[in-house]
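**Student:**
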Amino acid sequence: MLAKRIIPCLDVKDNRVVKGVNFLNLRDAGDPVELGARYSDTGADELVFLDITATIRSRRTIVELVKRVAENVFIPFTVGGGISQVDQIDELLRSGAEKVSINTAAVQNPALIAESAKRFGSQCVVLAIDARRSKTRPGHWQVCVKAGTEPTDIDVVEWARQGQDRGAGEILLTSMDADGTCAGYDNELNRAVHDAVTIPVIASGGAGQLDHLYDAIVVGHADAVLMASITHFGDYTIRQMKEYLAGRGLPMNL
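Taken in order, the sequence shown gives residues 966 to 1219; the numbers are from the numbering used here.
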């Protein structure tokens, strides 16, 4: 069994890391370069950097900030936010990112997934899905775009399958309902998507306790866990997370 990954997430707005609840009520969490370096130095397996207002403001991801973060981290680094063209992906990879995360643009132009995978390889393409429970179809979730502000009629599980078929190498799956609540991941969602695809699924949204990480992997079948609140604000260290999960029998890179 492959080692399970611990991945801190830097949601960036106006050059600062922020964290909210259900994508709202954002509060400052620090400098992205400093936080990224700290996580890199203290054992995180990977890092995700999401420019959360790039799509809403119709601008490109902050390339210079990405370069600064990349210079200070020595672990795989995924960048997302406002990416809508293959040349942007090329620029970000040249700026130090190992992977790029595409969300809204992939929904608007699914061919972008295949074009990106063909040019850079599937291992570089992460399909990000912001999922919200459907109010009309129990047991289903709908894809939301533009930083979660705009719901669509697309079914999350079906979209995950399509993303894999088009060449995405990984899925970053965020539960909008659980995001920032620290009440645990939506493991019904995580399991439904994981069981529908063969590529890795990163569970995101809801981590508040160490057992939430374990449940996301064991109950939700996630290949990796993304978190923000419980690391940014000092609740737990990366080392504590890994030792806890290893102690419960999960394979970890310690």
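Where a beta carbon is used, it is the ideal one built from N, C-alpha and C, also for glycine.
Predicted model only: the values in this text are computed from it and were never measured.
Helix, strand or coil: which one does DSSP assign to G1134?
**Tutor:** Position 169 of the sequence shown, counting from 1, holds the residue named residue 1134. If DSSP states are grouped into helix, strand and coil, G1134 belongs with coil.
**Student:** Here's the rule I'm using: 16 or more other beta-carbon atoms within 10 Å means buried, otherwise exposed. How should E1135 be labelled?
**Tutor:** Locating residue 1135 in the sequence shown gives position 170, counting from the first residue. By the neighbour-count rule (16 or more Cβ atoms within 10 Å), E1135 is buried.
**Student:** In whole angstroms, give me the CA-to-CA distance for I1203 and G1045.
**Tutor:** Numbered from 1 along the sequence shown, position 238 holds the residue referred to as residue 1203. Numbered from 1 along the sequence shown, position 80 holds the residue referred to as residue 1045. Those two C-alpha atoms are separated by around 22 Å.
**Student:** Cβ of G1045 within 8 Å of any heavy atom in the ligand NAD?
**Tutor:** Inclusion of the ligand NAD in the displayed structure is not the case, the ligand content being empty and no account of it being possible.
**Student:** For S1066, which of helix, strand or coil comes out of DSSP?
**Tutor:** As a position in the sequence shown, residue 1066 is number 101, starting the count at 1. S1066 falls in the strand class under three-state DSSP.
**Student:** Note down, in chain order, each residue of its chain lying with its Cβ closer than 8 Å to the Cβ of T1163, except the 5 sequence neighbours on either side.
**Tutor:** Here residue 1163 refers to the residue found at position 198 of the sequence shown. Contacts found: Q1129.
**Student:** Whole-angstrom Cβ separation of D1151 and G1171, contact assumed at under 8 Å?
**Tutor:** Numbered from 1 along the sequence shown, position 186 holds the residue referred to as residue 1151. Numbered from 1 along the sequence shown, position 206 holds the residue referred to as residue 1171. Yes, D1151 and G1171 are in contact; Cβ-Cβ is about 7 Å, under 8 Å.
**Student:** Cβ of G1149 within 9 Å of Cβ of H1186?
**Tutor:** As a position in the sequence shown, residue 1149 is number 184, starting the count at 1. As a position in the sequence shown, residue 1186 is number 221, starting the count at 1. For G1149 and H1186, no; Cβs fall outside 9 Å.
**Student:** How many whole angstroms separate the CB atoms of V1028 and L1058, which I take to be in contact at a CB cut-off of 8 Å?
**Tutor:** Locating residue 1028 in the sequence shown gives position 63, counting from the first residue. Locating residue 1058 in the sequence shown gives position 93, counting from the first residue. Between L1058 and V1028 the Cβ distance is about 11 Å, and since that is not below 8 Å, they are no contact.
**Student:** For K1207, is the classification buried or exposed, using 16 other Cβ atoms within 10 angstroms of its Cβ as the cut-off for buried?
**Tutor:** Counting from 1 along the sequence shown, the entry for residue 1207 is found at position 242. It is buried - the Cβ of K1207 has at least 16 other Cβ atoms within 10 Å.
**Student:** Where does R1097 fall in DSSP's three states?
**Tutor:** Translated into positions along the sequence shown, residue 1097 becomes position 132. Residue state, collapsed to three classes: strand.
**Student:** To the nearest angstrom, how far is the alpha carbon of D1188 from that of L1210?
**Tutor:** Counting from 1 along the sequence shown, the entry for residue 1188 is found at position 223. Counting from 1 along the sequence shown, the entry for residue 1210 is found at position 245. Answer to the nearest angstrom: the Cα atoms are 13 Å apart.
**Student:** Counting C-beta neighbours from all protein chains within 10 Å, is the total for N1074 16 or more, i.e. buried, or is it exposed?
**Tutor:** If you number the sequence shown from 1, residue 1074 lands on position 109. By the neighbour-count rule (16 or more Cβ atoms within 10 Å), N1074 is not buried but exposed.
**Student:** Indicate whether the contact test is met: 3 or more Cβ pairs, each with one atom in the region 1095 to 1107 and one in the region 1078 to 1087, closer than 8 Å.
**Tutor:** Not touching, per the Cβ criterion.
**Student:** What is the rounded straight-line gap between the Cα of F988 and the Cα of E1115?
**Tutor:** As a first step, residue 988 is located in the sequence shown; it is residue number 23 there, counting from the start. As a first step, residue 1115 is located in the sequence shown; it is residue number 150 there, counting from the start. Because the pLDDT of F988 is 47, which lies under 50, any placement of that residue in the model is unreliable, and the number read from its coordinates should be weighed accordingly. Their backbone Cα atoms lie some 12 Å apart in a straight line.
**Student:** Ignoring anything shorter than 4 residues, give me the alpha helix (DSSP H) runs that lie fully in the region 1151 to 1211, in order along the chain.
**Tutor:** The region 1151 to 1211 contains these whole alpha helix (DSSP H) runs: 1152 to 1159, 1175 to 1183 and 1194 to 1197.
**Student:** If I measure Cβ to Cβ from V1166 and keep anything under 6 Å in the same chain, skipping five residues before and after, which residues do I get?
**Tutor:** On the sequence shown, position 201 is the one that residue 1166 refers to. Only I1136, L1138, V1158, H1159, A1187 and D1188 meet the Cβ criterion.
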